[in-house]
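Undergrad:
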Amino acid sequence: MSAAEILRVEDIDVFYGASQILFGVSFGVEKGQSLALLGRNGAGKSTTMKAIIGIAQAKRGTVSVRGTQVQKFTPDRIAREGVGFVPEDRQIFPEHSVEDNLKIAIKPGVGGRVDWTLEKIYDVFPILASMKGRMGGRLSGGEQQMLTIARTLMGNPDVVLLDEPSEGLAPIIVEKIGELIQRLRDMGTTLIVAEQNMHFCLDIASHVAVIDKGHIVYRGSIDELRANDDVKKRYLAV
Ligand SMILES: Nc1ncnc2c1ncn2[C@@H]1O[C@H](COP(=O)(O)OP(=O)(O)OP(=O)(O)O)[C@@H](O)[C@H]1O
Ligand SMILES: [Mg+2]
Numbered sequence: 001m002s003a004a005e006i007l008r009v010e011d012i013d014v015f016y017g018a019s020q021i022l023f024g025v026s027f028g029v030e031k032g033q034s035l036a037l038l039g040r041n042g043a044g045k046s047t048t049m050k051a052i053i054g055i056a057q058a059k060r061g062t063v064s065v066r067g068t069q070v071q072k073f074t075p076d077r078i079a080r081e082g083v084g085f086v087p088e089d090r091q092i093f094p095e096h097s098v099e100d101n102l103k104i105a106i107k108p109g110v111g112g113r114v115d116w117t118l119e120k121i122y123d124v125f126p127i128l129a130s131m132k133g134r135m136g137g138r139l140s141g142g143e144q145q146m147l148t149i150a151r152t153l154m155g156n157p158d159v160v161l162l163d164e165p166s167e168g169l170a171p172i173i174v175e176k177i178g179e180l181i182q183r184l185r186d187m188g189t190t191l192i193v194a195e196q197n198m199h200f201c202l203d204i205a206s207h208v209a210v211i212d213k214g215h216i217v218y219r220g221s222i223d224e225l226r227a228n229d230d231v232k233k234r235y236l237a238v
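For the sequence shown, full-length UniProt numbering assigns the number 238 to the last residue and increments by one with no breaks.
1) Leaving out five residues on either side along the sequence, give the residues of the same chain with a beta carbon under 6 Å from the beta carbon of ASN197.
2) Counting only the same chain and skipping the five closest in sequence on each side, list residues whose C-beta sits under 7 Å from that of PRO157.
3) Excluding the five sequence neighbours on either side, which residues of its own chain have a C-beta within less than 7 Å of the C-beta of residue 294, listed in chain order?
4) Would you kindly work out how many angstroms separate the C-alpha atoms of VAL65 and GLU10, rounded to a whole number?
5) Is there contact here, the segment 87-103 with the segment 56-75, by at least three beta-carbon pairs under 8 Å?
6) With respect to 7 Å, is the separation between the Cβ of SER2 and the closest non-hydrogen atom of ligand 2 below this value?
7) Using a Cβ-Cβ cutoff of less than 7 Å, which residues in the same chain neighbour ASP13 once the five nearest sequence positions on both sides are dropped?
8) Taking the alpha carbon of GLU5 as the point to measure from, which residue in GLN144, ALA194 and GLY28 has its own alpha carbon closest?
9) Got a sec, what are the start and stop residues for the alpha helix (DSSP H) LYS176 sits in?
10) Can you tell me whether DSSP reads LEU22 as helix, strand or coil?
11) Any idea what DSSP makes of THR189, helix, strand or coil?
12) What is the DSSP secondary structure of GLN91, counted as helix, strand or coil?
13) Looking at C-alpha atoms only, which residue of GLU143, GLY136 and GLY17 is the closest neighbour of PRO126?
14) How many angstroms separate the CA atom of LYS31 from the CA atom of VAL159?
15) In whole angstroms, give me the CA-to-CA distance for ARG162 and MET154.
16) Give the secondary structure of residue 243 by DSSP, where H, G and I count as helix, E and B as strand, and everything else as coil.
This is the structure:
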């Protein structure tokens with residue numbers, strides 16, 4: 001693990017019951033990088049995310065956060081180590097206002113660090129500021145996705161995992177979410193974005209790992225992927 005690495009997944013195997021889903025998955029992300037974990041439907045992206053946040057257990061291999069092995073820790077403890085997770089199914093509180101959804105999530109980061117205040121969230125997410133009193137359940141899919149991302153940031157994570165942020169959203173909204181993630185990246189946020197949508201990631205990611213049938217089949221910079229038609233054709237729907 002290089003000194004700058006915030007998170008490293010090393011050689012993990014994950015099973016659901018008797019069926020093996022991940023086979024020796026390895027990758028790392030350094031501070032300020034944004035890694036796209038790209039792969040088709042069922043490739044193992046969500047399972048990888050779950051293994052990092054402690055919801056799925058790795059039978060073999062390690063997950064390290066700033067050099068500390070966390071693979072035996074509870075999800076709550078892993079979150080306190082600075083790993084923020086934006087789930088695929090968003091999980092906002094529908095009966096609570098936007099602002100309450102955010103306030104519930106306020107937590108200092110590792111070592112008491114506070115990067116994100118409500119004020120800063122409203123600055124970066126003006127749409128949430130304009131609807132702070134609205135019930136979470138009354139938001140559109142895209143607004144809920146923004147609220148979920150904002151809520152994760154309120155916990156001041158060192159690294160933010162996003163599981164298919166573009167999924168199920170209209171193209172115009174996907175573009176907005178993409179711009180938002182770009183802004184977070186430009187602010188220096190360390191990101192791991194699991195996606196099927198390569199085009200969505202081209203403008204977001206600095207680095208890429210491609211997963212296929214539970215194996216990492218490619219790792220490189222985003223520019224290297226851009227130039228690699230073989231990998232794009234073979235593993236990604238382009
Ligand atoms: N709880 C489970 N029990 C058994 N098998 C599962 C379970 N969850 C997922 N799988 C299987 O594990 C494999 C990887 O699933 P995973 O959800 O990690 O893929 P994914 O890359 O996130 O796909 P998607 O793009 O559809 O979200 C798939 O074959 C899936 O059917
Ligand atoms: Mg998934």
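We put the CB at the ideal spot given by N, CA and C, even for glycine.
TA: Put simply:
1) For ASN197, the CB contacts under 6 Å within the same chain, skipping 5 residues up- and downstream, are SER166 in chain order.
2) For PRO157, where only same-chain residues beyond five positions count, the Cβ hits under 7 Å are GLY82, VAL83, GLY84 and GLY109.
3) The structure shown does not extend to residue 294, since the chain spans only 1 to 238, so no value can be given for it.
4) The straight-line gap separating the alpha-carbon atoms of VAL65 and GLU10 is approximately 11 Å.
5) By the Cβ test, the segment 87-103 is not in contact with the segment 56-75, since fewer than three Cβ pairs between them sit closer than 8 Å.
6) It does not: the Cβ of SER2 is nowhere closer than 7 Å to a heavy atom of ligand 2.
7) GLN20, LEU22, PHE23, GLY24, ALA58, LYS59, ARG60 and GLY61.
8) Ranked by Cα distance from GLU5, the first of GLN144, ALA194 and GLY28 is GLY28.
9) Counting along the chain, the alpha helix (DSSP H) containing LYS176 begins and ends at 171-186.
10) LEU22 falls in the strand class under three-state DSSP.
11) For THR189, the secondary structure class from DSSP, reduced to helix, strand or coil, is coil.
12) Under the three-state reduction of DSSP output, GLN91 falls in the coil class, being neither helix nor strand.
13) For the residues GLU143, GLY136 and GLY17, the minimum Cα distance to PRO126 belongs to GLU143.
14) Using only the alpha carbons, I get a separation of about 8 Å.
15) The sequence shown places Leu at residue 162, rather than the Arg named in the question. Spanning the two alpha carbons is a distance of roughly 15 Å.
16) Given that the chain is displayed from residue 1 to residue 238, the structure contains no residue 243 and the question cannot be resolved.
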